[in-house]
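Have a look at the structure below before the remarks.
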Amino acid sequence: MKVHHLNCATFRPPLVAGGLVAHCLLIETDQGLVLVDTGFGTNEVTNPKATIDGLSRKLLRPALDITETAISHVEKRGYTADDVKHILLTHLDLDHAGGLRDFPKATVHVLDTELEAATNARSTKERARYPKAQRDGVKFETHKAEGEDWFGFQAVRNIAGLPEEVLMVPLIGHTRGHTGIAVKSDDGWLLHAGDAYFYRGEVETPPSNIFALKLTAKQTETIREQRLSNVERLRELKASGEAEVFCAHDPVELARLA
Ligand SMILES: [Zn+2]
């Protein structure tokens, strides 16, 4: 399958040299187009004050460039919004689910625990990360975080309507229902690890990190032990060479793959 690596939002948070991206995938399949994550969409870019809370605007400092939206990337390649049949989300944080409303015909796949967290938040902090308006009118299909083995990880396979080579690989921790998305591209397996980590050095051997992103990971985590153990497993997977592992926000990883 042909996989395009897209940047669907740029952020310039303080103390992060080089900024951050919203690394999304556009997959061309026999059954239509599939997106993995949607970054910020038309609503966020054209009306940020109504769609992005003040704290997030201050911390993320988004560029708000309409040409970076997923719909803009899709149209640039000669397709329309209706050609996108499925969207898989690593999780429902506002910088990953912003573009959903730009694709009204798509079925949106998430883990059941993630939709539950978004609709029945257990704390003010949890409520703030999932703006309800982003999910208005969206057709969700939820999946249980269980399945067959994939390089030592559990994987949700055979998702109706999707090719067999597109899997959800649960990576719980950043949020209650956070998942990676694995795709077998023409060049081998890719694993989009979402926000399971924020800095490329975390999955290198030996690992490294930068202060601002270590802090970000900690401040946005929901289940610490699971998050940390997943980073370790991802480091092992990367070292094995079985899959190309990358996260949602590292600009160097995106540049390497785009
Ligand atoms: Zn994120």
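The numbers in the UniProt record's numbering rise by one with no breaks, and the one at position 52 of the sequence shown is 52. All C-beta atoms, glycine included, are put in the ideal place defined by N, C-alpha and C. Computed from a prediction, not measured in an experiment: that's the story for all the values here.
So Leu20 packs on His4, CB below 8 Å; how close in whole Å?
Here the question's residue 20 lines up with position 20 in the sequence shown. Here the question's residue 4 lines up with position 4 in the sequence shown. Not confirmed; about 19 Å, so no contact.
For Ala193, is the classification buried or exposed, using 16 other Cβ atoms within 10 angstroms of its Cβ as the cut-off for buried?
Within the sequence shown, residue 193 is the residue found at index 193, counting from 1. Flag for Ala193 reads buried.
Please name the residue, chosen from Asp186, Ala196 and Cys8, that lies closest to Gly177 on a Cα-to-Cα basis.
Along the sequence shown, read from residue 1 onward, the residue named residue 177 stands at position 177. Of Asp186, Ala196 and Cys8, the residue nearest in Cα terms is Ala196.
What are the partner residues of Ala155, as DSSP defines its beta bridges?
The residue labelled residue 155 in the question sits at position 155 within the sequence shown. Beta-bridge pairing links Ala155 to Glu148.
Those residues, in chain order, that have a beta-carbon closer than 6 Å to some heavy atom of ligand 1
Asp93, Asp95, His96, Asp195, Ala248 and His249
Just the Cα atoms here: how many angstroms apart are Thr29 and Phe11?
Taking the first residue of the sequence shown as position 1, residue 29 is located at position 29. Taking the first residue of the sequence shown as position 1, residue 11 is located at position 11. So the alpha carbons of these two residues sit roughly 30 Å apart.
Is the distance from the Cβ of Ile223 to the Cβ of Ile172 below 8 Å?
Within the sequence shown, the letter at position 223 stands for residue 223. Within the sequence shown, the letter at position 172 stands for residue 172. The answer is yes: Cβ separation under 8 Å.
Going by DSSP in three states, Gly54 sits in which element: helix, strand or coil?
Along the sequence shown, read from residue 1 onward, the residue named residue 54 stands at position 54. It is helical.
Contact defined as beta carbons within less than 8 Å: I believe Met168 pairs with Leu88. What is the distance between those atoms, to the nearest angstrom?
The residue labelled residue 168 in the question sits at position 168 within the sequence shown. The residue labelled residue 88 in the question sits at position 88 within the sequence shown. That belief holds up - the Cβ atoms of Met168 and Leu88 are roughly 7 Å apart, short of 8 Å.
Where Ser56 and Leu115 are concerned, what is the direct C-alpha to C-alpha distance, given to the nearest angstrom?
Taking the first residue of the sequence shown as 1, we reach residue 56 at position 56. Taking the first residue of the sequence shown as 1, we reach residue 115 at position 115. The straight-line gap from Cα to Cα measures roughly 21 Å.
Assuming Ser72 is part of the beta strand (DSSP E), what are its boundary residues?
Position 72 of the sequence shown holds residue 72. Careful: Ser72 lies outside any beta strand (DSSP E), inside the alpha helix (DSSP H) at Ala70 to Lys76.
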